[in-house]
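All residue numbers for the sequence shown refer to numbering that gives the first Met the number 0, where the first residue is 0 and numbers rise by one. Note that CB positions come from ideal geometry on N, CA and C, so glycine has one too. Here the structure is a predicted model, which is why all the values come from computation and not from measurement. Data first, discussion second: the structure below is written as structure tokens.
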Amino acid sequence: MVKCIGVLTSGGDAPGMNAAVRAVARTCLNKGIKVYGVKLGYKGLHDGEFIEFDNHSTRNIINIGGTFLKSARFPEFKQEKVRQEAIEQMKKVGMEALVVIGGDGSYNGALKLTEMGINCIGIPGTIDNDIPDTDFTIGFDTALNTIVDALDKLRDTSSSHQRCTILEVMGRRCGDLAVHAGLACGAESIITSEVGFDEEELIATLKKSKASDKKHAIVVITEHITDVHALAQRVEDATGFETRANVLGHMQRGGRPSARDRVLASRMGIKAVELLIEGKGGLCVSDVKGEIVGLPIEEVLGHRRAVNQGIYDDVLKLRF
Numbered sequence: 000m001v002k003c004i005g006v007l008t009s010g011g012d013a014p015g016m017n018a019a020v021r022a023v024a025r026t027c028l029n030k031g032i033k034v035y036g037v038k039l040g041y042k043g044l045h046d047g048e049f050i051e052f053d054n055h056s057t058r059n060i061i062n063i064g065g066t067f068l069k070s071a072r073f074p075e076f077k078q079e080k081v082r083q084e085a086i087e088q089m090k091k092v093g094m095e096a097l098v099v100i101g102g103d104g105s106y107n108g109a110l111k112l113t114e115m116g117i118n119c120i121g122i123p124g125t126i127d128n129d130i131p132d133t134d135f136t137i138g139f140d141t142a143l144n145t146i147v148d149a150l151d152k153l154r155d156t157s158s159s160h161q162r163c164t165i166l167e168v169m170g171r172r173c174g175d176l177a178v179h180a181g182l183a184c185g186a187e188s189i190i191t192s193e194v195g196f197d198e199e200e201l202i203a204t205l206k207k208s209k210a211s212d213k214k215h216a217i218v219v220i221t222e223h224i225t226d227v228h229a230l231a232q233r234v235e236d237a238t239g240f241e242t243r244a245n246v247l248g249h250m251q252r253g254g255r256p257s258a259r260d261r262v263l264a265s266r267m268g269i270k271a272v273e274l275l276i277e278g279k280g281g282l283c284v285s286d287v288k289g290e291i292v293g294l295p296i297e298e299v300l301g302h303r304r305a306v307n308q309g310i311y312d313d314v315l316k317l318r319f
């Protein structure tokens with residue numbers, strides 16, 4: 000059986016990462032396995048930045064956002080020579096296996112290490128919810144609640160001034176944050192990379208809204224689709240709606256993790272250790288219809304996350 004396991008967080012921080020680290024550490028210690036926290040992601044793995052955990056190390060972190068192990072960019076880890084140097088650092092403390100908490104880039108590093116003889120298990124920690132084959136990633140629910148809170152507040156001022164408000168949210172290639180928040184807040188329009196951006200359709204929707212007895216409107220859009228400030232001016236010119244654009248930015252990544260994220264992270268951390276104890280590597284932990292399972296990283300990274308068309312359809316059913 001594996002005698003020593005490491006755990007690191009990599010890529011963008013996500014609320015709930017600390018809960019996952021805590022679960023990995025406590026599961027290991029309860030089973031008599033030595034466990035190290037790796038600071039600064041793959042960079043810390045390469046530099047030997049290790050903290051040996053004991054029963055006190057992960058107290059009072061389950062409710063804290065971000066990652067107390069920290070994260071850092073380290074593109075050099077793509078080089079086999081650099082990965083081998085990291086493995087040598089692991090050997091110095093007897094670290095035989097690794098849990099990697101992060102997104103698809105972090106998964107790639109875990110897969111490469113597994114191919115070099117170090118069993119690794121990935122845990123999906125990203126607010127974007129853009130990892131295929133898992134219903135939810137750690138941090139998504141907390142970020143979603145942050146966006147919903149912002150939209151509720153923007154609705155108050157939009158209604159008071161009879162404005163159209165455009166809110167840009169994170170998500171990159173995945174529009175889950177936008178569509179879930181838009182559905183939760185009754186947005187007039189939701190724009191994501193999956194459904195595409197039709198400006199004429201957006202303007203027609205907003206004109207219809209203005210012509211009705213509804214005198215304010217909310218538009219939610221995923222980042223990197225268009226310049227939202229320029230879009231706001233075009234919407235105002237075309238519809239007569241006084242229009243303001245807001246970019247929520249990195250505020251979405253912060254804050255105390257929601258109860259849902261804490262539970263999900265804890266269950267995933269436990270499962271990751273159990274898979275390593277079974278001698279498995281090159282897998283990622285996924286939430287599939289409420290069941291926590293291990294799936295091959297190579298297969299997960301081999302395709303894009305499927306669009307939940309049902310949610311988009313439901314948005315349209317509620318539109319006047």
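Residue ranges of each beta strand (DSSP E) within the stretch 198 to 278, 3 or longer = 216 to 221, 241 to 246
query = Does the stretch 300 to 307 touch the stretch 54 to 61, meaning 3 or more C-beta pairs lie closer than 8 Å?
reply = The answer is no - the stretch 300 to 307 does not touch the stretch 54 to 61, with fewer than three Cβ pairs under 8 Å.
message = Three or more C-beta pairs under 8 Å: does that hold for the stretch 215 to 227 against the stretch 184 to 200?
response = Enough Cβ pairs lie closer than 8 Å, so yes.
message = One question on the structure: do V37 and A96 come within less than 9 Å of each other, judged by their Cβ atoms?
response = no
request  = Could you tell me the boundaries of the alpha helix (DSSP H) in which K69 lies?
outcome  = That residue, K69, is in no alpha helix (DSSP H); it is neither H nor E in DSSP.
ask   = Do you know whose CA, among G116, G185, C163, A210, lies nearest V147's CA?
value = G185
query = Would you call the stretch 139 to 153 and the stretch 230 to 238 touching, i.e. three or more CB-CB distances under 8 Å?
reply = no
request  = Ignore the nearest five residues each way along the sequence and tell me which others in I224's own chain have a CB closer than 7 Å to its CB.
outcome  = Counting only Cβ-Cβ distances below 7 Å, and skipping sequence neighbours, we find I190, S192, F196.
task = For the alpha helix (DSSP H) containing C119, list its first residue and its last residue.
result = C119 -> not in any alpha helix (DSSP H); beta strand (DSSP E) instead, spanning 118 to 123.
ask   = Given a threshold of 16 other Cβ atoms within 10 Å of its Cβ, counted over all protein chains shown, does K270 qualify as buried or as exposed?
value = buried
request  = Name the residue from G93, Q88, P123 whose alpha carbon lies nearest to the alpha carbon of G104.
outcome  = P123
inquiry  = What does the Cβ neighbour count give for Q251, buried or exposed, with the cut at 16 atoms within 10 Å?
reply    = Q251 should be labelled buried.
Where I130 falls: helix, strand or coil (DSSP) = coil
inquiry  = Let's see if you can read the secondary structure: which residues bound the beta strand (DSSP E) around T8?
reply    = 3 to 8
inquiry  = Assuming the contact rule is C-beta atoms closer than 8 Å, L166 and N245 should be a hit. Round their C-beta distance to whole Å, please.
reply    = 5 Å
task = Kindly confirm or deny that the stretch 11 to 20 and the stretch 253 to 271 touch, where touching means at least three C-beta pairs closer than 8 Å.
result = Because the criterion of three Cβ pairs below 8 Å is met, the stretch 11 to 20 and the stretch 253 to 271 touch.
ask   = Any idea which residues DSSP pairs C163 with across the strands?
value = A216, T242
task = Indicate the three-state DSSP secondary structure (helix, strand or coil) for D53 in the structure shown.
result = It is coil, neither helix nor strand.
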